[in-house]
Amino acid sequence: MTIHANSTQARDIAHALHPYTNLKLHERIGPTVISSGRGIYVRDDEGRDYIEAVAGLWSASLGFGGEESMVEAITAQLRKLPFYHLFAHKAHEPGTDLAEKLIKMLPLPNGRVFFNNSGSEANDTAIKLAWYYNNALGRPRKKKIIAQMKAYHGVTIAAASLTGLTRNHLDFDLPMASVRHCDCPHHYRFAKEGESEEAFATRLAEQLENLILREGADTIAAFIAEPVLGAGGLIVPPKTYFDKIQPILKRHDILFIADEVICGFGRTGNMFGFETFNIQPDMVTMAKALSASYLPISATAISEPIYEVLRDNSARIGSFAHGYTYSGHPVCAAAALEALRIYETRNIVGHVQKVAKPFLAKARALLDLPFVGEVRGIGLLAGVELVRDKKSKASFEPARGVGMMFQTEAQKHGLIVRALGDTIALSPPLIITGEEIDDMYLRLGRTFDAFIPQLN
Ligand code: PLP
């Protein structure tokens with residue numbers, strides 16, 4: 511691609527520092543400039559259309575345009591009250607309505623909802639609340655948080671520490687001292703020869719309990735997990751995993767924080783991932799599809815028992831001194847309310863259940879291709895892991911960047927996918943139709959046809 515002087519590409523290279531980007535490579539190849547969207551499609555500034563097979567960042571659940579009621583809800587709120595905050599006994603209708611709505615949807619009766627702007631902040635808030643809670647209970651040592659290797663919980667200092675991926679720590683002086691990582695629940699990669707999913711889950715649960723005992727349960731505040739690990743490789747935990755670890759956490763009085771930033775609002779075929787995996791959380795963090803990504807908003811919901819402790823402690827020390835200027839921003843809250851209304855009135859969960867069948871069947875059919883080692887998925891989430899040797903499961907040399915090569919090739923075939931290492935993630939907008947799924951796999955098939963010869 512030629513980059514013309516003064517083009518958007520040239521100005522971008524000169525001025526913007528991009529998230530999750532090889533900055534040196536960016537100077538050479540520049541960005542793909544996305545200028546419009548409709549449904550599951552986005553269009554670049556040269557008029558090329560792409561199927562956005564990851565819903566942006568697993569987030570644009572209603573696609574990239576065409577939802578007039580979202581635009582109306584947002585503009586109506588902008589006209590009425592473009593900003594107000596929730597500090598110090600102030601409220602506004604969209605904020606109150608959204609908190610009430612979420613508590614009705616969650617298994618946290620009489621719980622409370624705290625608003626943030628991003629998934630990372632939602633998880634940071636969860637950690638701060640767990641600390642505040644344990645200080646209030648006179649347990650100042652009970653502060654460590656356990657997260658899984660390969661989990662993704664965000665990039666702020668605390669959330670990046672929870673994230674179990676080396677690249678998020680390297681040269682950022684992370685993780686912080688109070689985080690511990692437990693084993694990654696990925697059967698294909700970490701089970702022993704012949705070990706069933708259930709036996710693997712039992713071993714992981716034992717290893718988790720050993721970690722707790724080694725550290726001392728009186729030093730551990732919370733365990734955090736995504737129901738399905740997303741950005742760390744799209745890993746569906748083995749059968750019985752959550753059934754086995756939850757009693758252990760309960761026994762040691764360790765809070766369960768469910769990170770629903772990707773799984774929440776239909777993605778796994780239920781409204782929340784914790785329903786799919788029978789998790790009983792003490793806190794739930796949500797973002798992304800909460801507002802269908804029309805505007806940034808996230809939430810941290812807590813159970814009633816946690817709330818009561820926070821309430822009494824804030825009275826004792828004078829304030830619950832946590833909050834962002836934009837916590838519960840009224841326009842973002844209005845967007846979220848409308849997104850939730852659409853999910854319900856259009857039965858988005860039922861739709862996901864219906865289209866997930868062909869989506870997953872077509873994903874699994876890719877296993878017949880050379881270099882496809884594992885296909886995993888649930889709902890409208892699928893991960894296709896590319897390997898050098900299918901029999902031994904040997905990976906490609908990381909320096910070859912095979913996943914990125916695939917991502918680049920897919921774009922030439924009108925398909926935006928996301929490479930997580932050498933796993934190709936598919937997580938399309940939840941509104942995708944059966945025909946659009948066919949079209950997506952047609953483009954994926956063409957990508958494989960052009961890509962496989964590059965590997966031989
Ligand atoms: N938690 C999960 C499961 C995520 O996938 C992400 C982002 O991808 C985050 C948290 C962080 O969200 P954000 O990027 O909005 O800070």
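Just so you know, we're using my numbering here: the sequence shown kicks off at 511 and counts up by one.
Beta carbons are placed, not taken as given, at the ideal position from N, Cα and C, and that holds for glycine.
Under the rule that 16 or more other beta-carbon atoms within 10 Å means buried, what is Q717, buried or exposed?
As a working mapping, residue 717 is identified with position 207 in the sequence shown. Its Cβ having fewer than 16 others within 10 Å, Q717 is exposed.
Contact between the region 702–710 and the region 748–762 (3+ Cβ pairs under 8 Å):
Touching, yes, given that three or more Cβ pairs across the two stretches are closer than 8 Å.
Same chain, Cβ closer than 6 Å to G833, five either side skipped, listed in chain order
Locating residue 833 in the sequence shown gives position 323, where the first residue counts as 1. Same-chain partners within the cutoff: F597.
In the structure shown, what three-state DSSP assignment does E556 receive?
Position 46 of the sequence shown, counted from the start, is the residue given in the question as residue 556. DSSP, reduced to helix, strand and coil, places E556 outside both helices and strands of the structure shown, so it counts as coil.
What are the residues that DSSP puts in a beta bridge with H697?
In the sequence shown, residue 697 corresponds to position 187, counting from 1. H697 pairs with nothing; no bridge assigned.
Same chain, Cβ closer than 7 Å to S569, five either side skipped, listed in chain order:
As a first step, residue 569 is located in the sequence shown; it is residue number 59 there, counting from the start. For S569, the CB contacts under 7 Å within the same chain, skipping 5 residues up- and downstream, are K798, A799 and S803 in chain order.
Please determine if the region 624–640 and the region 857–866 are in contact, where contact requires at least 3 C-beta pairs separated by less than 8 Å.
With the cut-off at 8 Å, the region 624–640 and the region 857–866 do not touch.
Euclidean distance between Cα positions of A845 and G931
The residue you call residue 845 lines up with position 335 of the sequence shown. The residue you call residue 931 lines up with position 421 of the sequence shown. If you take the alpha carbons of A845 and G931, they lie about 33 Å apart.
Could you tell me if the beta carbon of N788 falls within a distance shorter than 7 Å of some heavy atom in the ligand PLP?
Position 278 of the sequence shown, counted from the first residue, corresponds to residue 788. In this structure, N788 has its beta carbon at no less than 7 Å from each heavy atom of the ligand PLP.
Buried/exposed call for S469, threshold 16 Cβ in 10 Å
Residue coverage of the chain in this structure runs from 511 to 966, which leaves residue 469 outside it and unanswerable.
For the ligand PLP, is there any heavy atom lying closer than 7 Å to the beta carbon of V771?
Sequence index remark: in the sequence shown, residue 771 carries index 261 (1-based). Answer for V771: yes, Cβ within range of the ligand PLP.
Across the region 938–955 and the region 550–563, are there enough close Cβ pairs to call them in contact, namely three or more that are closer than 8 Å?
Note that the region 938–955 touches the region 550–563; at least 3 beta-carbon pairs, one per stretch, sit closer than 8 Å.
Quick one: does the C-beta of S579 sit closer than 7 Å to a heavy atom of the ligand GDP?
The ligand GDP is not among the ligands present in this structure, which contains only the ligand PLP.
Would you decide whether Q964 is buried or exposed? Buried here means 16 or more other CB atoms lie within 10 Å of its CB.
As a position in the sequence shown, residue 964 is number 454, starting the count at 1. Residue burial is scored here from C-beta neighbours: Q964 has fewer than 16 other C-beta atoms within 10 angstroms and is therefore classed as exposed.
How long is the line joining the alpha carbons of D607 and D681, rounded to whole angstroms?
What you label residue 607 is simply residue 97 of the sequence shown in a count that begins at 1. What you label residue 681 is simply residue 171 of the sequence shown in a count that begins at 1. Those two C-alpha atoms are separated by around 42 Å.
Based on Cα-Cα distance, which residue from K534, I764 and P619 lies nearest to I637?
As a working note, residue 637 is residue 127 in the sequence shown. Taking only the C-alpha atoms, the option nearest I637 is I764.
Any non-hydrogen atom of the ligand PLP within 7 Å of H663 CB:
Your numbering for residue 663 matches position 153 in the sequence shown. Look at H663: its beta carbon is less than 7 Å from one of the heavy atoms in the ligand PLP.
L721 beta carbon less than 8 Å from that of L891
Counted from its first residue, the sequence shown places residue 891 at position 381. Counted from its first residue, the sequence shown places residue 721 at position 211. For the pair L891 and L721, the CB atoms are not nearer than the 8 Å cut-off.
At a threshold of 7 Å, does S628 count as lining the ligand PLP (C-beta to nearest heavy atom)?
As a working mapping, residue 628 is identified with position 118 in the sequence shown. Relative to the ligand PLP, the beta carbon of S628 is positioned inside 7 Å of a heavy atom.
Looking only at C-alpha atoms, which of F766, R713, A741 and I655 sits nearest to C773?
On the sequence shown, residue 773 is found 263 positions in, with the first residue counted as 1. Comparing alpha-carbon positions, the option among F766, R713, A741 and I655 lying closest to C773 turns out to be A741.
Which value, in whole angstroms, describes the spacing of the CA atoms of D769 and N788?
The residue labelled residue 769 in the question sits at position 259 within the sequence shown. The residue labelled residue 788 in the question sits at position 278 within the sequence shown. If I take the Cα positions, the gap works out to 14 Å.
Rounded to whole angstroms, how far is the Cβ of H514 from the Cβ of I523, which I believe are closer than 8 Å?
The count along the sequence shown starts at 1 and reaches residue 514 at position 4. The count along the sequence shown starts at 1 and reaches residue 523 at position 13. Wrong, their Cβ atoms sit about 12 Å apart, outside the cutoff.
When you compare only the Cα positions, how much space is there between I483 and R777?
Because residue 483 is not part of the residues shown, which for the chain are 511 to 966, the question remains open.
Please determine if the region 824–832 and the region 585–596 are in contact, where contact requires at least 3 C-beta pairs separated by less than 8 Å.
No, the region 824–832 does not touch the region 585–596.
How about the region 690–702 and the region 657–676: do they share at least three Cβ pairs that are nearer than 8 Å?
Counting C-beta pairs closer than 8 Å gives three or more between the region 690–702 and the region 657–676, which meets the contact rule.
When you compare each of A583, A731 and Y551 to G573 by their alpha carbons, which one comes out closest?
On the sequence shown, position 63 is the one that residue 573 refers to. Distances from the CA of G573 to each of A583, A731 and Y551 were compared; the closest alpha carbon is that of Y551.
Beta-carbon within less than 7 Å of A873's beta-carbon, same chain only, minus the 5 sequence neighbours each way: which residues are those?
Here residue 873 is taken as the residue at index 363 of the sequence shown, counted from 1. Short of 7 Å from the beta carbon of A873, and not among the five residues preceding or following it, lie these beta carbons of its own chain, in chain order: V885, G887, A892, V894 and L936.
Straight-line CA distance for R953 to K600?
Position 443 of the sequence shown, counting from 1, holds the residue named residue 953. Position 90 of the sequence shown, counting from 1, holds the residue named residue 600. Annotation: R953 to K600 spans about 51 Å, alpha carbon to alpha carbon.
Distance, P806 Cα to T666 Cα
Counted from its first residue, the sequence shown places residue 666 at position 156. Counted from its first residue, the sequence shown places residue 806 at position 296. Spanning the alpha carbons of T666 and P806 requires a straight line of approximately 16 Å.
Per DSSP, which one or two residues make a beta bridge with Y551?
Against the sequence shown, residue 551 aligns to sequence position 41. R548 and I561, per the DSSP bridge assignment.
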